[in-house]
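My numbering applies: residue 1 is where the sequence shown begins, and numbers increase by one. All C-beta atoms, glycine included, are put in the ideal place defined by N, C-alpha and C. Nothing here was measured: the structure is a model prediction, and the numbers come from that model.
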Amino acid sequence: MHSAEDRLVRVLGAPGRDLALRLARGPARRALPGPAPRLAELLRSQQARAWAMDLLRPLVDDAGPLLTTVRAWITCGGRVQDCAELIGRHPNTVRNHLSSCEELLGRRLMGRGGGAHVLVTALGILGGGEGAGRAGGGTGGPNGRLRPYRLVPDVKSGKTRA
Numbered sequence: 001m002h003s004a005e006d007r008l009v010r011v012l013g014a015p016g017r018d019l020a021l022r023l024a025r026g027p028a029r030r031a032l033p034g035p036a037p038r039l040a041e042l043l044r045s046q047q048a049r050a051w052a053m054d055l056l057r058p059l060v061d062d063a064g065p066l067l068t069t070v071r072a073w074i075t076c077g078g079r080v081q082d083c084a085e086l087i088g089r090h091p092n093t094v095r096n097h098l099s100s101c102e103e104l105l106g107r108r109l110m111g112r113g114g115g116a117h118v119l120v121t122a123l124g125i126l127g128g129g130e131g132a133g134r135a136g137g138g139t140g141g142p143n144g145r146l147r148p149y150r151l152v153p154d155v156k157s158g159k160t161r162a
């Protein structure tokens, strides 16, 4: 039979398991009276921010267009053609950038595997506020720190989306 940790790795991957374990080892709220923390509260925790920074560090350290491409790709719902139009790149360039992201992050973003979900969660955590868990993350600054990014228009509808 599989342990809870094995199931976490299968569903969230090793970085997701690490986040779950960090949250579980955090301050003992179980002993405090009152309701259990909500997911949004957990995603705003220092442990969640540290996990997200650890996960995204390779993209921030790259200092190239990869983080911009992956943010746009998420904003476009994983549609390469829409992403290419949004950032003014060829679809093959977007695919190459996503492949590079997969290599740097050590997880599959395109196709099955949950890598894109984990990436969206990490970007949402660093975007903070109401956007936690959504594609409202950050972009690498010149000093390697993440800063929030603005909403971008949906290519097909012309509406602004997070």
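Unbroken alpha helix (DSSP H) run spanning His-90, endpoints:
Note, His-90: premise wrong, no alpha helix (DSSP H); not H, not E.
Comparing alpha-carbon positions, which option in Ala-116, Pro-35, Gln-46 and Ala-36 lies nearest Leu-19?
Gln-46
DSSP on Pro-58, reduced to helix/strand/coil?
helix
Quick one: grab the DSSP three-state call for Ala-122.
helix
Rounded to a whole number of angstroms, what is the C-alpha to C-alpha distance between Leu-55 and Gly-111?
19 Å
How about Leu-59 and Leu-104: are their beta carbons less than 8 Å apart?
yes
Tell me whether His-90 is buried or exposed, calling it buried when 16 or more other Cβ atoms sit within 10 Å of its Cβ.
exposed
Alpha carbon to alpha carbon, what distance is there between Arg-95 and Gly-127?
24 Å
C-alpha distance - Thr-93 paired with Ala-52, whole-angstrom precision:
26 Å
What is the rounded straight-line gap between the Cα of Arg-107 and the Cα of Gly-115?
6 Å
Roughly how far, in whole angstroms, is the beta-carbon of Val-70 from the beta-carbon of Leu-98, given that I think they are within contact range, below 8 Å?
7 Å
For Asp-18, name the three-state secondary structure that DSSP assigns.
helix
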